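The structure appears right after this line, and notes come after that.
Protein chains: 2
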Amino acid sequence: MSKVNLKDLAKALNISVSTVSKALRDSYEIGDETKKKVIAKAQLMGYSPNPYAGFLRNQKSKTIAIVLPELTNNYFIQAISGAEAIAHENGYHILIYTTNDDKEKERSILNHLLNGRVDGVLMSVSSNTSQYEHINALIQAGIPIVFFDRICHEIETAKITTNDFASGFLATEHLIHSGCKKIAYLSISEHLSIDHKRKQGYLEALNKHDITIDPLFVIQCSTDEKSNIQKIKKLLIGTHKPDGIFASVERLALTTYQVCKTHKIVIPKDLKVISFSNLRTADLLNPSLTTITQPAFEIGNEAAKILFKHLAKRKSIIPNENIVINSQITIRGSTNPKYF
Amino acid sequence: MSKVNLKDLAKALNISVSTVSKALRDSYEIGDETKKKVIAKAQLMGYSPNPYAGFLRNQKSKTIAIVLPELTNNYFIQAISGAEAIAHENGYHILIYTTNDDKEKERSILNHLLNGRVDGVLMSVSSNTSQYEHINALIQAGIPIVFFDRICHEIETAKITTNDFASGFLATEHLIHSGCKKIAYLSISEHLSIDHKRKQGYLEALNKHDITIDPLFVIQCSTDEKSNIQKIKKLLIGTHKPDGIFASVERLALTTYQVCKTHKIVIPKDLKVISFSNLRTADLLNPSLTTITQPAFEIGNEAAKILFKHLAKRKSIIPNENIVINSQITIRGSTNPKYF
DNA sequence: AAATCTAGCGAAAACGATGTAGTAAATATA
DNA sequence: TATATTTACTACATCGTTTTCGCTAGATTT
Numbered sequence: 130m131s132k133v134n135l136k137d138l139a140k141a142l143n144i145s146v147s148t149v150s151k152a153l154r155d156s157y158e159i160g161d162e163t164k165k166k167v168i169a170k171a172q173l174m175g176y177s178p179n180p181y182a183g184f185l186r187n188q189k190s191k192t193i194a195i196v197l198p199e200l201t202n203n204y205f206i207q208a209i210s211g212a213e214a215i216a217h218e219n220g221y222h223i224l225i226y227t228t229n230d231d232k233e234k235e236r237s238i239l240n241h242l243l244n245g246r247v248d249g250v251l252m253s254v255s256s257n258t259s260q261y262e263h264i265n266a267l268i269q270a271g272i273p274i275v276f277f278d279r280i281c282h283e284i285e286t287a288k289i290t291t292n293d294f295a296s297g298f299l300a301t302e303h304l305i306h307s308g309c310k311k312i313a314y315l316s317i318s319e320h321l322s323i324d325h326k327r328k329q330g331y332l333e334a335l336n337k338h339d340i341t342i343d344p345l346f347v348i349q350c351s352t353d354e355k356s357n358i359q360k361i362k363k364l365l366i367g368t369h370k371p372d373g374i375f376a377s378v379e380r381l382a383l384t385t386y387q388v389c390k391t392h393k394i395v396i397p398k399d400l401k402v403i404s405f406s407n408l409r410t411a412d413l414l415n416p417s418l419t420t421i422t423q424p425a426f427e428i429g430n431e432a433a434k435i436l437f438k439h440l441a442k443r444k445s446i447i448p449n450e451n452i453v454i455n456s457q458i459t460i461r462g463s464t465n466p467k468y469f
Numbered sequence: 130m131s132k133v134n135l136k137d138l139a140k141a142l143n144i145s146v147s148t149v150s151k152a153l154r155d156s157y158e159i160g161d162e163t164k165k166k167v168i169a170k171a172q173l174m175g176y177s178p179n180p181y182a183g184f185l186r187n188q189k190s191k192t193i194a195i196v197l198p199e200l201t202n203n204y205f206i207q208a209i210s211g212a213e214a215i216a217h218e219n220g221y222h223i224l225i226y227t228t229n230d231d232k233e234k235e236r237s238i239l240n241h242l243l244n245g246r247v248d249g250v251l252m253s254v255s256s257n258t259s260q261y262e263h264i265n266a267l268i269q270a271g272i273p274i275v276f277f278d279r280i281c282h283e284i285e286t287a288k289i290t291t292n293d294f295a296s297g298f299l300a301t302e303h304l305i306h307s308g309c310k311k312i313a314y315l316s317i318s319e320h321l322s323i324d325h326k327r328k329q330g331y332l333e334a335l336n337k338h339d340i341t342i343d344p345l346f347v348i349q350c351s352t353d354e355k356s357n358i359q360k361i362k363k364l365l366i367g368t369h370k371p372d373g374i375f376a377s378v379e380r381l382a383l384t385t386y387q388v389c390k391t392h393k394i395v396i397p398k399d400l401k402v403i404s405f406s407n408l409r410t411a412d413l414l415n416p417s418l419t420t421i422t423q424p425a426f427e428i429g430n431e432a433a434k435i436l437f438k439h440l441a442k443r444k445s446i447i448p449n450e451n452i453v454i455n456s457q458i459t460i461r462g463s464t465n466p467k468y469f
């Protein structure tokens, strides 16, 4: 409770503050005898250095921020876990900020980080972010940033993603192989590169298998769940309806399941579903959901590693780099070709 | 990029540092003219105060820590979201630490927080924590702590929980009303008060309905998933098996589902399942899972509110208080009495 | 006209740790 | 023996703010 500082320690030992400081940092300038005494006394008095004093002095806070759209998303949580593991190893602390997919909140958060509160940032941009001055400002301020998943091509730095195009291609092809002829794509946002790439994969697969691309089957969803339900319902209930759905994110697959449940659409008989997802319960759903699983933990891990590597070198400029960690497809009941 | 500080501003304006500081903080000592000039210049030069300098001076960091066992748990994520919302409103920042349910890691984390890095702590204790010196040390150091969910009765402070006993009672009674005669309880840890209370509710319900309590039906699970699978498998496959399971936490319900799936045990025909859970997919599982849902967001929200209330008053001692926010039971397919 | 007050500002001391430069004594070198 | 070097330590400036305490005009009171 006493908040012991170096001065207290110095007084108690009858030596100078600098000697105490150096002794504790094991400086060559200090004799072994003194070091031992200081360390013992520090232990005894329960000394623990004031972090902010050091930060002020060194202009380094041993803290990073993770900025992401939302927490209620298994992918992001696993990514945080991955980053946290590395951070803990390196003695870094993690500040969490969520943007709620709101561009303005994202900007406000980054502005708050400009003042040196953190040494670096891990970030997944919000889905409606289309301008990047606030991100550039951060880099200009000497705070390195590493993107993961929802990246910003326009910014030169390290970016960790999964093989979105190939996965999108594979997912779509899997639906085709399962017998689907009319495949819809549920898009999360046209601004996001991951969405764009997944959609490109989808289109490419349709092309390869000579399936005419139907613009009505590309559904622009949003963060508004109610509107998504309406859109998916309209898609699935009308006369012109798909026999397969490729959901770009987990949330949209669940919404699809919900809509199907309330409207008695049977998966996989009436509709096959595949989705990007890190859901633990994918296997336990009714029916079990065929997923493309991103290695979220590894992605968070890798992003943090790269950031810390540069922070250790005091290099605030991270060269442009695209790191891809492949996703894995797990085939389950929702795309079972038997039921048709 | 320039890292403008007060001194730079002062020089540019040809006035003193203190005047600039006071002008920016809207002090009565400074004239309106000067204030305007300073604010304009600050804007122009992109001044943003160094947070650590202020922290050092004020001994307040506007930062709190959330310490919890794990992130891959919907309850905790929702609680964080609830706390984050309030924190953002109050201009507080959130550091996240996970203990992995490891007592030693928990202790190490709290020790790191002793030095004043944070102004306060929100915490859910790890399930094997049975001694509390490290928690007391924090309070002794003047850092207030508020518990939520996995609380520590032994520490005097505010604690936010749900009505665990009543919910445990209700859950068990619901199984009984659904026709169960042999009900097992999956315990997460004997050290946790939430587990204890839920179990008490379970026992009380059995008592009320004159069902003999079978010690073999209280299964001590752990954080080791493999061992849990074994225990649940043993429980469900032997000759002396239950017809109902009450899982104290979501994770154990999912493990039960998994075991049932691999061993062709049909829920709810062979076994009925109810669980505490904040799973978004509860309704989409096969079969849909009857849950007791904790108001996780509200609990996190409330915990943060109480902490900030005391931080604002610079009161580091939070009086003992037990706040209970009720859970809600949602009856779904996994306890359907029709199937027997 | 002298005393008091007040508005508006500046100088300087914190906050706690770090590192540079300096110092005295002890040892090594010539 | 005189000089150079090493050893072990201390004084002090520094990081960027905040805040207390002065100080100086001018305004107001007596």
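Chain order of the listed sequences is A and B. Residue numbering for the first sequence follows our numbering, beginning at 130 and increasing consecutively. Residue numbering for the second sequence follows our numbering, beginning at 130 and increasing consecutively. Virtual Cβ for every residue (Gly too), placed ideally from N, Cα, C. Keep in mind the model is a prediction, meaning the values are calculated, not measured.
Beta-carbon proximity check, residue i vs residue j, cutoff 8 Å
i: residue 386 of chain B; j: residue 414 of chain B; result: yes
i: residue 291 of chain A; j: residue 276 of chain A; result: no
i: residue 350 of chain A; j: residue 304 of chain A; result: no
i: residue 439 of chain A; j: residue 452 of chain A; result: no
i: residue 429 of chain A; j: residue 211 of chain A; result: yes
i: residue 367 of chain A; j: residue 328 of chain A; result: no
i: residue 217 of chain A; j: residue 236 of chain A; result: no
i: residue 348 of chain A; j: residue 388 of chain A; result: no
Supposed close pair residue i, residue j - CB separation, criterion 8 Å
i: residue 404 of chain A; j: residue 420 of chain A; result: 6 Å
i: residue 245 of chain B; j: residue 294 of chain B; result: Contact flag wrong, Cβ pair sits at about 38 Å.
i: residue 408 of chain A; j: residue 410 of chain B; result: 7 Å
i: residue 152 of chain A; j: residue 146 of chain A; result: Incorrect: roughly 11 Å between the Cβ atoms, too far for contact.
i: residue 78 of chain B; j: residue 372 of chain B; result: Absent from the structure is residue 78 of chain B, since the part of chain B shown begins at 130 and ends at 469.
i: residue 301 of chain A; j: residue 334 of chain A; result: 4 Å
i: residue 396 of chain A; j: residue 416 of chain A; result: 6 Å
Cross-chain neighbours of residue i in chain B, by beta carbon under 7 Å
i: residue 448 of chain A; result: Those within 7 Å of residue 448 of chain A in chain B number zero; the least Cβ separation is about 18 Å.
i: residue 184 of chain A; result: 181
Reduced DSSP category for residue i - H, G, I as helix; E, B as strand; rest coil
i: residue 378 of chain B; result: coil
i: residue 461 of chain A; result: coil
i: residue 281 of chain A; result: coil
i: residue 228 of chain A; result: coil
i: residue 172 of chain B; result: helix
i: residue 133 of chain A; result: coil
i: residue 305 of chain A; result: helix
i: residue 400 of chain A; result: coil
i: residue 287 of chain A; result: strand
i: residue 314 of chain A; result: strand
i: residue 149 of chain B; result: helix
i: residue 250 of chain A; result: strand
i: residue 271 of chain A; result: coil
i: residue 373 of chain A; result: strand
i: residue 338 of chain B; result: coil
Any non-hydrogen atom of the ligand GTP closer than 7 Å to residue i Cβ
i: residue 231 of chain A; result: Absence of the ligand GTP is noted for the structure shown, with no ligands found whatsoever.
Chain-ordered chain A contacts of residue i [CB-CB under 7 Å]
i: residue 178 of chain B; result: 244
i: residue 383 of chain B; result: 409, 410 and 413
i: residue 386 of chain B; result: 413
Contacts that residue i makes with chain B (C-beta to C-beta distance below 8 Å)
i: residue 390 of chain A; result: 412 and 413
i: residue 227 of chain A; result: 210 and 213
Contacts of residue i in chain A (Cβ-Cβ under 9 Å)
i: residue 207 of chain B; result: 200 and 201
i: residue 224 of chain B; result: 192, 222, 223, 224 and 225
Chain-ordered chain B contacts of residue i [CB-CB under 9 Å]
i: residue 190 of chain A; result: 180 and 181
i: residue 110 of chain A; result: With chain A represented from 130 up to 469, any question about residue 110 of chain A goes unanswered, as that position is not in the structure.
Contact the region 220-233 of chain A vs the region 153-170 of chain B: 3+ CB pairs below 8 Å | no
Any contact of the region 245-261 of chain A with the region 188-198 of chain A, i.e. 3+ C-beta pairs under 8 Å?
-> yes
Would you check if the region 421-429 of chain A and the region 442-457 of chain A touch, i.e. whether three or more CB-CB distances between them fall below 8 Å?
-> yes
Is it true that the region 350-366 of chain A meets the region 320-340 of chain A, where meeting means three or more beta-carbon pairs spaced less than 8 Å apart?
-> They do not touch, by the three-pair rule.
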